[in-house]
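Participant: So for the sequence shown, numbering that gives the first Met the number 0 puts the first residue at 0; every next one is plus one.
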Amino acid sequence: MAAAGRSALPLRVVGEETQWTRLTPEALRRWRERLVALPPEERGEIVD
Numbered sequence: 000m001a002a003a004g005r006s007a008l009p010l011r012v013v014g015e016e017t018q019w020t021r022l023t024p025e026a027l028r029r030w031r032e033r034l035v036a037l038p039p040e041e042r043g044e045i046v047d
């Protein structure tokens, strides 16, 4: 792996998650609150 956990070569998609259960609005709110409460150096960057 290269810096920041990225691969040096392209990754191949081998499937799609079809059984994923979406978080409830309440669970999503709690997840976001915990994320914001992290110190900036522990948050990382989400690249979508």
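The beta carbon of each residue, even a glycine, is placed where N, CA and C say it ideally should be.
Consult DSSP for R21 and reduce its assignment to one of helix, strand or coil.
Facilitator: Of the three classes helix, strand and coil, the one that applies to R21 here is coil, per DSSP.
Participant: By the three-class DSSP mapping on this structure, what secondary structure does A7 have?
Facilitator: In the structure shown, A7 sits in coil (DSSP, three-state: anything other than H, G, I, E or B).
Participant: Where does E15 fall in DSSP's three states?
Facilitator: The answer is coil: DSSP assigns E15 none of H, G, I, E or B.
Participant: Within this structure, are the beta carbons of R42 and L34 separated by less than 8 Å?
Facilitator: Cβ atoms of R42 and L34: closer than 8 Å.
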